[in-house]
Amino acid sequence: MEELPIEPTHFDLIVVGTGLIESIVAGAASKAGKTVLQLDHAAGYGTQWASLSVGDAQNLVENLREAEASSVNLEPVVVSSSSDTIMSLPVDSSSGAGCIYDRMEVQDLVGDEFRDRMGNLHRYNLDLSAPKAASGAGAFVDLIVKSGTHHYLEFKSTEGTLMWIDGSLQPVPSSRAEVFRNKKLSAMHKRLLMRFLQACLDAKLETDLAEMPCETARADAECSSTMPVFSHPDESFFACLQSHKLPPLLQQVVLYAIALVDEAPTGSSTGRHVAKGLTAREGVRLVQLYIQSIGRFGPDQGAFLIPLYGTGELPQAFCRQAAVGGAINVLRRAVVDIQFQKCGDEAAGEGRERPGAATLPHSAGGGSWKCTAVRTSGGQQLTCGALVLNAMYMDVMRHAFEAGASPCGEQRVARAICITDASLAEGKSQVLAIFPPGCLEGVTGGPVRAMQVGQSTCAAPDGRFVVYLSAPVGSDGAGIEAVSAAVTALFRRFDPASTRTAAEEASRGKPPPRDVNLEADEAAANPAKAEERCLEEAAAPSAGEASAGQRGAESPHPPESARPQPARGADSRPLLLWAMLYTQRVAEADEVSSFP
Numbered sequence: 001m002e003e004l005p006i007e008p009t010h011f012d013l014i015v016v017g018t019g020l021i022e023s024i025v026a027g028a029a030s031k032a033g034k035t036v037l038q039l040d041h042a043a044g045y046g047t048q049w050a051s052l053s054v055g056d057a058q059n060l061v062e063n064l065r066e067a068e069a070s071s072v073n074l075e076p077v078v079v080s081s082s083s084d085t086i087m088s089l090p091v092d093s094s095s096g097a098g099c100i101y102d103r104m105e106v107q108d109l110v111g112d113e114f115r116d117r118m119g120n121l122h123r124y125n126l127d128l129s130a131p132k133a134a135s136g137a138g139a140f141v142d143l144i145v146k147s148g149t150h151h152y153l154e155f156k157s158t159e160g161t162l163m164w165i166d167g168s169l170q171p172v173p174s175s176r177a178e179v180f181r182n183k184k185l186s187a188m189h190k191r192l193l194m195r196f197l198q199a200c201l202d203a204k205l206e207t208d209l210a211e212m213p214c215e216t217a218r219a220d221a222e223c224s225s226t227m228p229v230f231s232h233p234d235e236s237f238f239a240c241l242q243s244h245k246l247p248p249l250l251q252q253v254v255l256y257a258i259a260l261v262d263e264a265p266t267g268s269s270t271g272r273h274v275a276k277g278l279t280a281r282e283g284v285r286l287v288q289l290y291i292q293s294i295g296r297f298g299p300d301q302g303a304f305l306i307p308l309y310g311t312g313e314l315p316q317a318f319c320r321q322a323a324v325g326g327a328i329n330v331l332r333r334a335v336v337d338i339q340f341q342k343c344g345d346e347a348a349g350e351g352r353e354r355p356g357a358a359t360l361p362h363s364a365g366g367g368s369w370k371c372t373a374v375r376t377s378g379g380q381q382l383t384c385g386a387l388v389l390n391a392m393y394m395d396v397m398r399h400a401f402e403a404g405a406s407p408c409g410e411q412r413v414a415r416a417i418c419i420t421d422a423s424l425a426e427g428k429s430q431v432l433a434i435f436p437p438g439c440l441e442g443v444t445g446g447p448v449r450a451m452q453v454g455q456s457t458c459a460a461p462d463g464r465f466v467v468y469l470s471a472p473v474g475s476d477g478a479g480i481e482a483v484s485a486a487v488t489a490l491f492r493r494f495d496p497a498s499t500r501t502a503a504e505e506a507s508r509g510k511p512p513p514r515d516v517n518l519e520a521d522e523a524a525a526n527p528a529k530a531e532e533r534c535l536e537e538a539a540a541p542s543a544g545e546a547s548a549g550q551r552g553a554e555s556p557h558p559p560e561s562a563r564p565q566p567a568r569g570a571d572s573r574p575l576l577l578w579a580m581l582y583t584q585r586v587a588e589a590d591e592v593s594s595f596p
């Protein structure tokens with residue numbers, strides 16, 4: 001079908017992609033009165049932030065494998081003249097996923113035979129970028145409220161935080177009520193933790209002393225009735241915890257479950273908050289943010305908010321807000337060419353503008369160049385004052401820009417999406433689980449975070465849960481093994497062989513397993529003795545004539561079924577039905593992508 005032309009043909013800003021970051025930029029520009037055009041090659045909003053069904057996720061993996069097998073060249077085709085450069089983007093870059101995701105693998109443990117064990121597949125909303133759990137008192141929630149985007153969104157708060165301690169998940173006490181309810185902490189440890197958390201809350205004046213005049217800071221410090229939470233704002237946050245005499249367990253709770261620090265003892269962490277590099281001032285502010293987020297939107301509300309129907313709702317909401325401001329959104333329309341124009345001294349002599357721009361190595365004569373136009377997949381040329389590209393063009397732009405002049409840095413995150421039949425915490429749906437560094441045997445690197453969502457956030461059918469695990473990938477590859485080890489520790493794998501009934505095994509051409517029946521074997525060997533036993537059983541009282549005491553001793557409930565019941569001490573971990581493991585490349589400046 002022929003694509004309809006876009007009118008007008010010039011915009012102050014052209015945004016390629018409908019991911020969260022691009023949609024926020026488009027919404028802000030339209031609200032500022034700029035003319036904005038937002039394009040996306042896909043049929044839906046979200047780009048890599050879109051929420052997918054199970055089938056869509058599996059199709060994505062297959063498409064990526066086909067793309068890898070075809071060995072598509074991501075080198076852009078650049079045609080230069082003395083004043084203009086046209087960069088043609090590879091066709092495969094319009095699919096995008098291959099530039100963002102790597103090592104994608106799907107483990108369909110139930111298969112088609114037991115697909116009903118997963119429930120209604122249309123009820124799943126899987127987030128490849130993981131669910132974005134925003135701090136209740138954080139800047140992102142303030143942005144949603146101030147921009148009016150909250151009118152298009154619904155949220156559920158987390159119901160608790162767990163930490164892997166001594167081989168199992170244990171609840172983390174992070175508020176006053178949770179500290180006092182915790183039965184595993186001694187009274188002394190409870191006092192130490194509460195004193196530290198209270199000191200962080202009362203440290204607002206102290207954290208800002210360095211920004212005040214000396215006389216004012218000294219007066220405010222004298223007015224404070226609490227002991228300063230740190231001796232110097234630039235000291236290590238790790239040293240600050242030690243100065244408060246917190247035991248190692250409580251240090252891990254504060255670092256990884258409350259402040260959400262990324263630490264790699266071997267130095268392989270690429271996160272922003274490395275424990276030994278995090279200053280006391282920064283660490284205290286992270287603790288303050290966590291405590292202030294708890295209960296902000298109601299009693300018994302957790303520190304983080306999760307959007308209903310998946311993370312894909314976030315970019316859609318900002319796209320709607322941009323449209324209200326006058327932006328034009330066009331789906332199924334890709335960008336195939338980007339045109340640059342020289343804006344250096346030579347351009348100034350020719351009467352053209354001199355705005356700042358990145359330097360392209362392919363340009364004739366060097367100099368700085370700026371984007372002036374794009375050409376769509378329909379052949380239409382659109383001019384613009386500025387251009388914003390989605391992260392799926394990361395490789396393409398890296399080839400186009402000079403070494404060291406890449407638009408932004410990046411980091412890799414190892415991720416896993418797991419569908420299970422039970423919750424990690426009984427009676428709770430939205431929980432955050434933390435694996436601190438060193439808790440998994442043979443695994444190095446930073447912490448592993450796991451966020452569980454379920455039916456209450458419209459992410460899974462009733463009785464099923466989706467668990468997202470993530471860990472930063474360092475230069476040594478640490479993080480990928482950590483996520484795999486965490487999956488193994490949390491779940492037991494679905495085994496079809498142990499689930500099939502005897503009839504199903506027989507239908508597959510296999511003889512059903514023979515039940516051991518000692519009485520039947522004895523009757524076949526000695527018919528006379530078997531007849532004597534039958535006469536004895538006939539003379540015995542029937543079940544209806546049993547005494548009341550005997551009936552009372554029996555279970556009031558009938559046997560659940562002929563299925564074997566798990567023995568005492570059996571593995572009670574959730575059953576892993578379906579899993580997807582992969583790595584994702586994210587921009588270091590992408591604050592929202594850092595969690596979980």
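All residue numbers for the sequence shown refer to full-length UniProt numbering, where the first residue is 1 and numbers rise by one. For each residue, glycine too, the CB sits at the ideal point set by N, CA and C.
(Q) Quick check on Leu-581: buried or exposed, where buried means 16 or more other Cβ atoms within 10 Å of its Cβ? (A) Counting from 1 along the sequence shown, the entry for residue 581 is found at position 581. Leu-581 should be labelled buried.
Q.
Please report the straight-line C-alpha distance between Phe-297 and Gly-148, rounded to a whole angstrom.
A. Numbered from 1 along the sequence shown, position 297 holds the residue referred to as residue 297. Numbered from 1 along the sequence shown, position 148 holds the residue referred to as residue 148. Straight-line Cα distance between these residues: approximately 17 Å.
(Q) Measuring only the C-alpha atoms, how far is Pro-315 from Asp-300? (A) Residue 315 sits at position 315 when you count from the first residue of the sequence shown. Residue 300 sits at position 300 when you count from the first residue of the sequence shown. About 28 Å.
Q: Mind checking which residues open and close the beta strand (DSSP E) that includes His-10?
A: By one-based count along the sequence shown, residue 10 stands at place 10. His-10 -> beta strand (DSSP E) spans 10-16.
Q: Reducing DSSP to helix, strand and coil, say where Val-261 ends up.
A: Translated into positions along the sequence shown, residue 261 becomes position 261. Note: Val-261 maps to coil in three-state DSSP.
Q: Pull up the distance between the alpha-carbon of Tyr-45 and that of Leu-331, whole angstroms please.
A: For the purposes of this step, residue 45 is taken as the residue at position 45 of the sequence shown. For the purposes of this step, residue 331 is taken as the residue at position 331 of the sequence shown. About 8 Å.
Q: Note down the Cα distance separating Val-466 from Ala-485, rounded to an integer number of angstroms.
A: Numbered from 1 along the sequence shown, position 466 holds the residue referred to as residue 466. Numbered from 1 along the sequence shown, position 485 holds the residue referred to as residue 485. Looking at the two C-alpha atoms, the distance is approximately 17 Å.
**Q.** Buried or exposed by the 16-neighbour rule on C-beta atoms within 10 Å, applied to Phe-340
**A.** Within the sequence shown, numbered from 1, the residue matching residue 340 stands at position 340. It counts as buried.
**Q.** Contact check, Tyr-5 vs Gln-380, beta carbons under 8 Å
**A.** Counted from its first residue, the sequence shown places residue 5 at position 5. Counted from its first residue, the sequence shown places residue 380 at position 380. The question names Tyr, but residue 5 is Pro in the sequence shown. Yes, these two residues count as a Cβ contact at 8 Å.
(Q) Could you compute how far the alpha carbon of Thr-488 sits from the alpha carbon of Ile-480? (A) On the sequence shown, residue 488 is found 488 positions in, with the first residue counted as 1. On the sequence shown, residue 480 is found 480 positions in, with the first residue counted as 1. The alpha-carbon atoms of Thr-488 and Ile-480 are separated by roughly 13 Å.
Q: Could you tell me whether the Cβ atoms of Phe-318 and Ser-135 are closer together than 8 Å?
A: As a first step, residue 318 is located in the sequence shown; it is residue number 318 there, counting from the start. As a first step, residue 135 is located in the sequence shown; it is residue number 135 there, counting from the start. Not closer than 8 Å, so no.
Q: For Glu-113, collect the residues of the same chain with a Cβ closer than 7 Å to its Cβ; drop the 5 residues on either side in sequence, then sort them by chain order.
A: Taking the sequence shown and counting its residues from 1, one reaches residue 113 at position 113. Result list for Glu-113: Pro-496, in chain order.
Q. Among residues of its own chain, excluding the 5 on either side of Gln-107, which ones have a beta-carbon nearer than 6 Å to its beta-carbon?
A. The residue labelled residue 107 in the question sits at position 107 within the sequence shown. Ala-579, listed in sequence order.
Q: Give me the Cα-Cα distance between Ala-391 and Ile-100, rounded to the nearest whole angstrom.
A: On the sequence shown, position 391 is the one that residue 391 refers to. On the sequence shown, position 100 is the one that residue 100 refers to. Ala-391 and Ile-100: Cα-Cα distance of roughly 7 Å.
Q) Quick one, which of Glu-3, Glu-2 and Phe-11 has its alpha-carbon nearest Ala-327's? A) Position 327 of the sequence shown, counting from 1, holds the residue named residue 327. For the residues Glu-3, Glu-2 and Phe-11, the minimum Cα distance to Ala-327 belongs to Phe-11.
Q. Of all the beta strand (DSSP E) runs that stay within the bounds of the region 418-473, which reach a length of 3 or more residues?
A. 431-435, 448-453 and 465-473
(Q) Between which two residues does the alpha helix (DSSP H) holding Arg-375 run? (A) The count along the sequence shown starts at 1 and reaches residue 375 at position 375. Unbroken run through Arg-375 is the beta strand (DSSP E), 369-376; no alpha helix (DSSP H).
Q: Would you list the one or two residues that DSSP bridges to Arg-415?
A: One-based indexing of the sequence shown puts residue 415 at position 415. Arg-415 pairs with Ser-470 and Tyr-582.
Q) Which of the three DSSP states, helix, strand or coil, is assigned to Pro-171? A) Looking up residue 171 in the sequence shown gives position 171. Pro-171 falls in the strand class under three-state DSSP.
Q: Assign Phe-494 to one of three DSSP states: helix, strand, or coil.
A: Taking the sequence shown and counting its residues from 1, the one referred to as residue 494 is at position 494. DSSP places Phe-494 in coil when its eight states are reduced to three.
Q) Going by alpha carbons, who is nearest to Thr-420 out of Trp-164, Arg-573 and Thr-444? A) As a working note, residue 420 is residue 420 in the sequence shown. Answer by Cα proximity: Arg-573.
Q | Residue interval of the beta strand (DSSP E) (run including Arg-332) | A | Counting from one through the sequence shown, the residue named residue 332 turns up at place 332. Segment: none, Arg-332 is in no beta strand (DSSP E) and carries neither H nor E.
Q | Assigned exposure category for Gly-427 - 16 Cβ within 10 Å defines buried | A | Reading the sequence shown from its first residue, position 427 is the one you call residue 427. Exposed is the call here.
(Q) Check for me: the alpha helix (DSSP H) holding Phe-304 runs from which residue to which? (A) Within the sequence shown, numbered from 1, the residue matching residue 304 stands at position 304. No alpha helix (DSSP H) contains Phe-304, which is instead part of the beta strand (DSSP E) from 304-307.
Q: Return the Cβ separation of Thr-47 and Thr-9 in integer angstroms, given the expectation that the two are a contact with Cβ distance under 8 Å.
A: As a first step, residue 47 is located in the sequence shown; it is residue number 47 there, counting from the start. As a first step, residue 9 is located in the sequence shown; it is residue number 9 there, counting from the start. 24 Å between Cβ atoms; not a contact.
Q) Which residues in the same chain have their Cβ closer than 8 Å to the Cβ of Glu-105, if we skip the five residues on either side of it in sequence? A) Position 105 of the sequence shown, counted from the first residue, corresponds to residue 105. For Glu-105, where only same-chain residues beyond five positions count, the Cβ hits under 8 Å are Val-61, Met-580, Leu-581 and Tyr-582.
(Q) Can you determine whether any heavy atom of the ligand NAD sits closer than 7 Å to the C-beta of Gln-58, and answer yes or no? (A) Judged by which ligands are present, the structure shown has none, so any question about the ligand NAD falls away.
(Q) Can you tell me where the beta strand (DSSP E) holding Ser-53 begins and where it ends? (A) For the purposes of this step, residue 53 is identified with residue 53 of the sequence shown, where counting begins at 1. Counting along the chain, Ser-53 falls outside any beta strand (DSSP E), and DSSP gives it neither H nor E.
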